[in-house]
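Numbering (the UniProt record's numbering), first residue to last: 1 to 821. Glycine included, C-beta positions come from ideal geometry on N, C-alpha and C. Below is one structure, written out as structure tokens, with a few remarks after it.
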């Protein structure tokens, strides 16, 4: 059988078309085909088929449609697709090659690979073959009947991206004359796609039509400003300048039809990067087990099935919300894992939050969270597999947890003690709710940053004096104190004699960032009622923008943005937020603080750049280099000195800092690490263990890595490309300093293969580079932090670690002998 989605829905058995009548049946099949080989929840399918209010008999109608579709598929005989019932809904199992959409994606992937390999003619042909599969808008017949699925927009965007890739291949092959008409038509239909606009500008310029290329740029800029209130990106602006200046780089550098094969060295590197050295990894994982006890009054199997579907959908939704994934279910018990396949800094906290949310959302529910080391398989295309005693511990604890409670193991309690309050209970600890304490130890301390704080105040004075914007990016390794510096600067600015308005937000989903900026500007507290939100916004808009239609328009869109950011329109939200801040900047100097800017999307980055072009303000961000601007500064926070680190430990623990002289070098000047080590000590106070722990750490060279520090460093490692992570894990087996030759022995490859990953790790500031005094050409490396080495090394399974240690010893022996001779 064949299924065609790239146009009106078509089904063929061999060459014979199969007619499926009825909107509900066609919509059900279309949605299942979009999610082929994936389970689709019944509730989700109901919402897809009935966009508005579904009739009371919708579930019965859907069951009948499924039965009819099963009959149609069965008539195709052996090997036909199967429509299976799988909790919490249905699974359409088929060969992806039977669906034109999947064939399209496959061809596009091949075309992009050929484009990367600079095989431009082949890439263009492959991408055109993919685009030829389209017969009109995806599922055009269903769209005509009112279907508006987000998946269809995603498919359409994939088509546009494929067109852009195809045009790039054609232009690189020297066929600008042939594609210019096609580019003009697509660019006119999609005026907001900057990549298409840039390709059209380049094609026009290469055809000798410089004026038309500049006109295309102005047309795109007008569309962006009118629709989104944004200027073109820096890349498109740079292309305009290059066209104005007749930059030689715009000329075609490769003759038409030329195929440039990749060099052998790059092929060797590709082969190496495809083989990371570790497929099994020891990881710290948090596992939430959730069980909804059955209602004795519900006995009918259909009612139980529907209830289970609803519960399962709720579990999946809450797991996604808190960053976990549902890995297994038996009856009404679900396993949700956090930290697989990638570690997060707050996996244990998020697991407890998810467990509490599910306890409140499900009927007669109880849950447990256990945290510990597990062996995780990360190889191949399969989902990661987790093994270890973690799950057994969770099952035993769940059996002792009453309905309505959430209990955690001792390790989870230790990792989340700053976020929740607990009471000892059988076999673990009962979660009573969020902590009412003021926060983590050290969150109010800023030590050793007087120079940086003074520099920010100096830049604020310049903004006031010269009435022009300045952008500052605060950079540094995780835990180095970027967020703390921004918070302290904001607090100190508000204490100045002359009034300054401070607006702050934290990176995340763009709409959430804009909403947080508005809440900060209007003084709206988290959890405020709709009435309070509306009243405070109205008062702030009246104060900053006055009255009239423009102010009313701004207030209306800001209400939607703050109260329902998910339903707010991006373009209108950007304009309304910008208008509010423009009004704020006219009443007092404006300081905008955005932490974790790297987590925000492109709309936020453009918004920041646009503000700096329009207003005299100081923008301070953390986590990403400053946008291009005539007045921009990058401030990199260096590690604290050992004296400052000792002072910080002393201030946090109330003990003399000199007691921790062996601990201080391990912390490496990282304030967050110092805070976490202090928390471990504070947990022992004021028991007799306090002095014993402090005394032991004064002489002990290797105290254990605190859980939060381990999570931070493991998250950094998991964010690396697989090859770089594998090289770093192998390097952790060696003593500092080590050479590329030594790492290559452990990876079992040539030293040239590990040279690039090591250089990249050094650029990421995970490794330090040294040159041998006797040989200025040979490089040596060492870990930035001994704690990073310990975490990387701890991820290697024992057997793998032993093999690599033996290999390192065999290699080191002749090296040492030759150096002695």
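Original post:
My guess is that residue 26 and residue 142 are in contact by the Cβ rule of under 8 Å, so how many angstroms apart are they, rounded?
Top reply: One-based indexing of the chain shown puts residue 26 at position 26. One-based indexing of the chain shown puts residue 142 at position 142. Between residue 142 and residue 26 the Cβ distance is about 6 Å, and since that is below 8 Å, they are a contact.
Original post:
How should residue 322 be labelled, buried or exposed, when 16 other C-beta atoms within 10 angstroms of its C-beta is the threshold for buried?
Top reply: Position 322 of the chain shown, counted from the first residue, corresponds to residue 322. Under this definition residue 322 is a buried residue.
Original post:
What does residue 283 pair with, by DSSP beta-bridge criteria?
Top reply: Counted from its first residue, the chain shown places residue 283 at position 283. Bridge partners of residue 283: 374.
Original post:
Helix or strand or just coil, what does DSSP make of residue 811?
Top reply: Within the chain shown, numbered from 1, the residue matching residue 811 stands at position 811. Helix at residue 811.
**OP:** Grab the span of the alpha helix (DSSP H) containing residue 858 for me, first residue to last.
**Re:** Because residue 858 is not part of the residues shown, which for the chain are 1 to 821, the question remains open.
Original post:
Considering only C-alpha positions, which residue in the set 66, 18, 61 and 494 is nearest to residue 40?
Top reply: Position 40 of the chain shown, counted from the first residue, corresponds to residue 40. Checking every option, the nearest Cα to that of residue 40 belongs to 66.
Subject >> Rounded straight-line distance, which links the Cα of residue 280 to that of residue 340 >> reply: In the chain shown, the residue the question calls residue 340 occupies position 340. In the chain shown, the residue the question calls residue 280 occupies position 280. Roughly 12 Å between the two C-alpha positions.
Subject >> Residue nearest to residue 157 in terms of C-alpha spacing, selected from 145, 189 and 169 >> reply: What you label residue 157 is simply residue 157 of the chain shown in a count that begins at 1. Nearest C-alpha to residue 157: 189.
Original post:
If you run the structure through DSSP and keep just helix, strand and coil, what is residue 598?
Top reply: Here residue 598 refers to the residue found at position 598 of the chain shown. It is helical.
Original post:
Buried or exposed: where does residue 192 fall if 16 or more other Cβ atoms within 10 Å of its Cβ makes it buried?
Top reply: The sequence position of residue 192 within the chain shown is 192, counting from 1. Answer is exposed; the Cβ neighbour count stays below 16.
**OP:** Go through the region 49 to 132 residue by residue and report every complete run of the beta strand (DSSP E) that reaches 3 residues or more, in order.
**Re:** 82 to 86 and 89 to 93
Original post:
Just how far apart, CA to CA, sit residue 435 and residue 608?
Top reply: Indexing the chain shown from 1 puts residue 435 at position 435. Indexing the chain shown from 1 puts residue 608 at position 608. Taking the straight line joining both Cα atoms gives about 35 Å.
Original post:
In terms of DSSP beta bridges, what is residue 4 paired with?
Top reply: Within the chain shown, the letter at position 4 stands for residue 4. Paired residue(s): 10.
**OP:** Please go through the same chain and pick out, in chain order, the residues whose beta-carbon is closer than 7 Å to the beta-carbon of residue 707, but skip the five residues on each side of it.
**Re:** Along the chain shown, read from residue 1 onward, the residue named residue 707 stands at position 707. Once the five neighbours on either side are set aside, the close Cβ partners of residue 707 are 414 and 415.
Original post:
What is the rounded straight-line gap between the Cα of residue 300 and the Cα of residue 330?
Top reply: Within the chain shown, the letter at position 300 stands for residue 300. Within the chain shown, the letter at position 330 stands for residue 330. Each residue's Cα considered, the two are about 19 Å apart.
**OP:** Pull up the distance between the alpha-carbon of residue 654 and that of residue 664, whole angstroms please.
**Re:** Here residue 654 refers to the residue found at position 654 when the chain shown is read from its first residue. Here residue 664 refers to the residue found at position 664 when the chain shown is read from its first residue. Their backbone Cα atoms lie some 16 Å apart in a straight line.
**OP:** Determine the DSSP secondary structure at residue 350, reduced to helix, strand or coil.
**Re:** The residue labelled residue 350 in the question sits at position 350 within the chain shown. Correct three-state label for residue 350: helix.
**OP:** Taking the CB atoms as reference points, tell me whether residue 485 and residue 446 lie closer together than 9 Å.
**Re:** Numbered from its first residue, the chain shown carries residue 485 at position 485. Numbered from its first residue, the chain shown carries residue 446 at position 446. In contact: residue 485 and residue 446 (Cβ atoms closer than 9 Å).
Original post:
If residue 183 sits next to residue 160, beta carbons under 8 Å apart, how far is it from one beta carbon to the other, in whole angstroms?
Top reply: Residue 183 sits at position 183 when you count from the first residue of the chain shown. Residue 160 sits at position 160 when you count from the first residue of the chain shown. Wrong, their Cβ atoms sit about 12 Å apart, outside the cutoff.
**OP:** Rounded to whole angstroms, what's the CA-CA distance from residue 37 to residue 116? Just pull it up for me.
**Re:** By one-based count along the chain shown, residue 37 stands at place 37. By one-based count along the chain shown, residue 116 stands at place 116. In a straight line, the C-alpha of residue 37 is about 30 Å away from that of residue 116.
**OP:** Please report the residue range of the alpha helix (DSSP H) in which residue 152 lies.
**Re:** Indexing the chain shown from 1 puts residue 152 at position 152. Segment 150 to 172, the alpha helix (DSSP H) holding residue 152.
Original post:
Excluding five sequence neighbours on each side, which residues of the same chain lie with their C-beta closer than 8 Å to the C-beta of residue 423?
Top reply: Translated into the one-based positions of the chain shown, residue 423 becomes position 423. Closer than 8 Å at the Cβ level, and outside the excluded window around residue 423, lie 429, 430 and 432.
**OP:** Alpha carbon to alpha carbon, how far is residue 469 from residue 619? Give it in angstroms, no decimals.
**Re:** Position 619 of the chain shown holds residue 619. Position 469 of the chain shown holds residue 469. Taking the straight line from one Cα to the other gives about 8 Å.
Original post:
How about residue 196 and residue 186: do their beta carbons lie closer than 9 Å?
Top reply: Here residue 196 refers to the residue found at position 196 when the chain shown is read from its first residue. Here residue 186 refers to the residue found at position 186 when the chain shown is read from its first residue. Against a cut-off of 9 Å, the Cβ pair of residue 186 and residue 196 comes out as a contact.
Subject >> 7 Å CB neighbourhood of residue 207 in its chain, flanking five on each side removed >> reply: Along the chain shown, one-based indexing puts residue 207 at 207. 176, 177 and 180.
Original post:
Buried or exposed: which applies to residue 725, given that a residue is buried once 16 or more other Cβ atoms fall within 10 Å of its Cβ?
Top reply: On the chain shown, residue 725 is found 725 positions in, with the first residue counted as 1. With 16 or more other Cβ atoms within 10 Å, it is buried.
**OP:** Confirm, please, whether the CB-CB distance from residue 580 to residue 518 is below 9 Å.
**Re:** Position 518 of the chain shown, counted from the start, is the residue given in the question as residue 518. Position 580 of the chain shown, counted from the start, is the residue given in the question as residue 580. Contact: yes.
Original post:
What three-state label does DSSP hand residue 490 in the structure shown?
Top reply: Within the chain shown, numbered from 1, the residue matching residue 490 stands at position 490. Of the three classes helix, strand and coil, the one that applies to residue 490 here is helix, per DSSP.
Original post:
Among 165, 97 and 155, which residue has its Cα nearest to the Cα of residue 118?
Top reply: If you number the chain shown from 1, residue 118 lands on position 118. Checked all of 165, 97 and 155; the closest Cα to residue 118 is 165.
Original post:
In three-state DSSP terms, what is residue 330?
Top reply: Here residue 330 refers to the residue found at position 330 when the chain shown is read from its first residue. Strand at residue 330.
Original post:
If you compare alpha carbons, which of 388, 523 and 661 is closest to residue 797?
Top reply: Working through the chain shown from its first residue, we reach residue 797 at position 797. The shortest Cα separation from residue 797 among 388, 523 and 661 belongs to 388.
Original post:
What number of angstroms, rounded off, separates the C-alpha of residue 10 from the C-alpha of residue 54?
Top reply: What you label residue 10 is simply residue 10 of the chain shown in a count that begins at 1. What you label residue 54 is simply residue 54 of the chain shown in a count that begins at 1. Distance between the alpha carbons of residue 10 and residue 54: 26 Å.
**OP:** Answer yes or no: do residue 88 and residue 310 have a C-beta to C-beta separation smaller than 9 Å?
**Re:** Translated into positions along the chain shown, residue 88 becomes position 88. Translated into positions along the chain shown, residue 310 becomes position 310. Yes, Cβ-Cβ distance for residue 88 and residue 310 is below 9 Å.
Subject >> Classification of residue 795 by the beta-carbon crowding that lies within 10 angstroms, buried from 16 upward >> reply: Mapped onto the chain shown, residue 795 falls at position 795. Flag for residue 795 reads buried.
Original post:
For residue 80 versus residue 73, is the C-beta distance shorter than 9 Å?
Top reply: Along the chain shown, one-based indexing puts residue 80 at 80. Along the chain shown, one-based indexing puts residue 73 at 73. A contact, by the Cβ cut-off of 9 Å.
Subject >> Enclosing beta strand (DSSP E) for residue 514 [first to last residue] >> reply: For this step, residue 514 is matched to residue 514 along the chain shown. From DSSP, residue 514 is part of no beta strand (DSSP E) but of the alpha helix (DSSP H) over 510 to 522.
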